Amino acid sequence: TGPRGNPKFRKLKHIPGTDTLRPDIKTWAKCVQSAGYKTATMGKWHLSKDPLPYGFDVNIGGTHSGGPPKGYYPPHGNVPGLEDAPRGEYVTDRLSSEAVKFITANKDRPWMLYLTHFAVHTPLNAKKELVAKYEAKKPGKLHDHVAMATMIEAVDDGVGRIVDRLEKLGIAENTAIFFFSDNGGYGPATDMDPLKGYKGTYYEGGIREPFFVKWPGVVRAGRRSSVPIIGVDLYPTFCEMTGAELPEGQPLDGVSLVGLLRGETEALGERSLYWHFPAYLQSYGVDVPEQRDPLFRSRPCSVVRHGDWKLHQYFEDGGLELYNLKDDIGEQNDLSKSNPEKVEELLANLEAWREEIKAPVPSEKNPAYDAAAEAAALAGKSAKGKKGGKRKK
Numbered sequence: 006t007g008p009r010g011n012p013k014f015r016k017l018k019h020i021p022g023t024d025t026l027r028p029d030i031k032t033w034a035k036c037v038q039s040a041g042y043k044t045a046t047m048g049k050w051h052l053s054k055d056p057l058p059y060g061f062d063v064n065i066g067g068t069h070s071g072g073p074p075k076g077y078y079p080p081h082g083n084v085p086g087l088e089d090a091p092r093g094e095y096v097t098d099r100l101s102s103e104a105v106k107f108i109t110a111n112k113d114r115p116w117m118l119y120l121t122h123f124a125v126h127t128p129l130n131a132k133k134e135l136v137a138k139y140e141a142k143k144p145g146k147l148h149d150h151v152a153m154a155t156m157i158e159a160v161d162d163g164v165g166r167i168v169d170r171l172e173k174l175g176i177a178e179n180t181a182i183f184f185f186s187d188n189g190g191y192g193p194a195t196d197m198d199p200l201k202g203y204k205g206t207y208y209e210g211g212i213r214e215p216f217f218v219k220w221p222g223v224v225r226a227g228r229r230s231s232v233p234i235i236g237v238d239l240y241p242t243f244c245e246m247t248g249a250e251l252p253e254g255q256p257l258d259g260v261s262l263v264g265l266l267r268g269e270t271e272a273l274g275e276r277s278l279y280w281h282f283p284a285y286l287q288s289y290g291v292d293v294p295e296q297r298d299p300l301f302r303s304r305p306c307s308v309v310r311h312g313d314w315k316l317h318q319y320f321e322d323g324g325l326e327l328y329n330l331k332d333d334i335g336e337q338n339d340l341s342k343s344n345p346e347k348v349e350e351l352l353a354n355l356e357a358w359r360e361e362i363k364a365p366v367p368s369e370k371n372p373a374y375d376a377a378a379e380a381a382a383l384a385g386k387s388a389k390g391k392k393g394g395k396r397k398k
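Add 5 to the 1-based position in the sequence shown for this note's numbering, that's all there is to it.
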């Protein structure tokens, strides 16, 4: 990511990111493709101009853009597979249709589809045919956003169409489905209660998502697991499932979930999970308070979770926050002062991990930082918060 937020409020120079995945890094898609699978990506790609060199035979809608090309309705411009989108076609519906088409065309051979719906992502463009339905509904406790509701239903309907086609083709029992999100919900439109935070924060509301797997003959219907997993686990998982060889000489951060999915509760053993964000992410333009400070959803930080314990480390001020997620899923009670031994243990763990993977930590002061301007902005936000009261649920 590039610099985000008001430079006067950033104490440190952020660590510049990269906007293109290096082509020499072998993706799981490349491994699966090499194992004889027909591969497709549909929807958000965001890692390069063209996803095809990274292990995909088919690309529908994938570009360098992080969101839908020009919104959820055409024209989409010169976007692969969407050039001919008819007027009034909702892009979520189109991607679901393309998914069904790809599956049908490859029903007699091994295939793998990476369907990364743009929904639900800004801009929040409602599916027009569903607006009246949700305008007529009473607000819920956690959700009261018509456009968001229509977008979620469009995804749900698309998943239903895909499952229906798998069943009609007679291949449902030989197909595994993984369904999950990459981050928490959009703060101005939805509430992650009882979790604290939302997309862009490193509280649980920003990084904890539901994860569903339908794998006939392996995953028993209705079974639940509370074992923590993370997105990087999917690379070795997909390779083990498809018989693909792992890349030689390329380190992998995750572990295969196949044993866990088979019901072996101790399959992953005891391990730590890590997050590292050496940059800044500005606050939403509206008052959404569940973040460490009102100016940024996240400032440069690292986080480690081990068992029930979770430690946040913030680089600007050396701040440390410790939570026991078993007792306090909403991260309301910071135990860093009352449990210094656990802080020391987890901090050593986190620092050793960063050193091992050579994770960059920002330390250079930002010459544009203005302490007085930041203090004034914080005071203004604080006064507004007191006047506005508690966040509406």
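Idealized CB from N, CA, C, for every residue including glycine. Note that the coordinates shown come from a computational prediction; the quantities given were computed from them, not determined experimentally.
Residue range of the unbroken beta strand (DSSP E) whose run includes residue i
i, result
"S307", "C306 to H311"
"N329", "L325 to N329"
"I182", "I182 to F185"
"F216", "F216 to K219"
"W399", "This structure does not reach residue 399, given that the chain is present from 6 up to 398, and the question cannot be answered."
"L120", "W116 to T121"
"I65", "V63 to I65"
"G48", "K43 to G48"
Where residue i falls, given that 16 or more other Cβ within 10 Å makes a residue buried
i, result
"V223", "exposed"
"I212", "buried"
"L351", "buried"
"G205", "buried"
"P345", "exposed"
"K368", "According to the sequence as given, residue 368 is Ser; it is not Lys. With fewer than 16 Cβ atoms within 10 Å of its Cβ, S368 is classed as exposed."
"K133", "exposed"
"L17", "buried"
"A357", "exposed"
"K370", "exposed"
"N111", "buried"
"T2", "There is no way to answer for residue 2, as the model of the chain reaches only from 6 to 398."
"T46", "buried"
"K73", "For the record, residue 73 in the displayed sequence is Pro; it is not Lys. Result: buried."
"N64", "buried"
"H69", "exposed"
"P372", "exposed"
"T44", "buried"
"P294", "exposed"
"V288", "The amino acid at residue 288 is misidentified as Val; the sequence shows Ser. Buried."
"S303", "buried"
"L147", "exposed"
"Q318", "buried"
"K395", "Confidence is the limiting factor: at K395 the pLDDT is only 41, short of 50, which leaves the residue's position unreliable and the question unanswerable from this model."
"I362", "exposed"
"G190", "buried"
"K392", "Because the pLDDT at K392 is just 48, under 50, the model does not fix this residue reliably, and the value given afterwards should be weighed accordingly. It is exposed - the Cβ of K392 has fewer than 16 other Cβ atoms within 10 Å."
"K173", "exposed"
"K201", "buried"
"R225", "exposed"
Endpoints, the alpha helix (DSSP H) within which residue i is located
i, result
"S39", "W33 to S39"
"K315", "K315 -> not in any alpha helix (DSSP H); beta strand (DSSP E) instead, spanning W314 to Y319."
"R166", "V151 to L174"
"S101", "V96 to A110"
Proximity test, Cβ basis, 8 Å: residue i and chain C
i, result
"A249", "Given the protein chain composition of this structure (a single chain), no chain C is represented."
Per-residue DSSP class, three states only, for residue i
i, result
"W280", "strand"
"R302", "strand"
"A90", "coil"
"P58", "helix"
"G274", "coil"
"P385", "The question names Pro, but residue 385 in the sequence shown is Gly. If DSSP states are grouped into helix, strand and coil, G385 belongs with the helices."
"K138", "helix"
"K13", "helix"
"K370", "strand"
Stretch pair the segment 165-179 + the segment 88-105: three plus CB contacts closer than 8 Å | They touch, by the three-pair rule.
What residue ranges within the segment 197-268 form continuous beta strand (DSSP E) runs of no fewer than 3 residues, ordered along the chain?
-> Segments of the beta strand (DSSP E) lying fully in the segment 197-268: 216-219.
Counting Cβ pairs, one atom from each stretch, are 3 or more of them under 8 Å apart for the segment 212-219 and the segment 182-194?
-> Result yes; three or more Cβ-Cβ pairs closer than 8 Å.
Are three or more beta carbon pairs between the segment 27-39 and the segment 372-383 nearer than 8 Å?
-> Not touching, per the Cβ criterion.
Is the segment 258-278 in contact with the segment 189-205, if contact means three or more CB pairs nearer than 8 Å?
-> Counting Cβ pairs under 8 Å, fewer than three are found: no touch.
Determine, using beta-carbon pairs with one atom in the segment 122-131 and one in the segment 52-62, whether at least three such pairs fall under 8 Å.
-> The segment 122-131, when compared against the segment 52-62, does not touch it at the 8 Å Cβ threshold.
Kindly confirm or deny that the segment 238-255 and the segment 31-40 touch, where touching means at least three C-beta pairs closer than 8 Å.
-> Counting Cβ pairs under 8 Å, three or more are found: they touch.
Kindly confirm or deny that the segment 250-269 and the segment 221-241 touch, where touching means at least three C-beta pairs closer than 8 Å.
-> With the cut-off at 8 Å, the segment 250-269 and the segment 221-241 touch.
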